[in-house]
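Adding 1103 to a residue's 1-based position in the sequence shown gives its number in my numbering. Heads up, the beta-carbon is just placed ideally off N, CA and C, and yes, glycines get one too. Owing to the predicted nature of the structure, the values given are computational and were not obtained by experimental measurement.
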Amino acid sequence: MDYSLGTYPFVTSSNSSLGGIAPGAGVSATSIDYSLGISKAYTTRVGEGPFPTELNEEIGSYLAEKGGEVGASTGRPRRCGWLDAVLLSHSVYLNGIDGICLTKIDVLDGLETIKICSDYSSALTEKKFLNQWL
């Protein structure tokens, strides 16, 4: 999502990494002694771009409906998929995250099976694209 570190050109216009949040909040990066990463318990994306864990069937629709997944500024529906631990761990590395808080875990309640992507070995097309920035 971050315009400097995201999957360009499929990014936002702001710097959403820890390095951009500190000055945007008016504090020095050196004054931050603990950084908590916040992530949904599943992955979402508005618009185009690579999405290795995207669910294009009943489960994806279920997550979108139960999670109220629409873009905040555009109102466009968000694409939904399983939690992408590869992408999440890369974000933890880039931002120097000390801990993680998973939100919207309740959205997964009612699913018989919950999956988490731990590697891209079966998503070769996305893997080639993502290797450009991993």
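For K1169, the uninterrupted alpha helix (DSSP H) run begins and ends at E1161 to G1170, by DSSP. Linking V1173 to T1133 through their CA atoms gives a straight-line distance of about 35 Å. If you look at I1124, you'll find it in the alpha helix (DSSP H) that goes L1121 to A1128.
In the DSSP assignment, V1195 falls within the alpha helix (DSSP H) that extends over A1188 to N1198. With contacts defined by Cβ atoms closer than 8 Å, L1205 and S1142 form a contacting pair.
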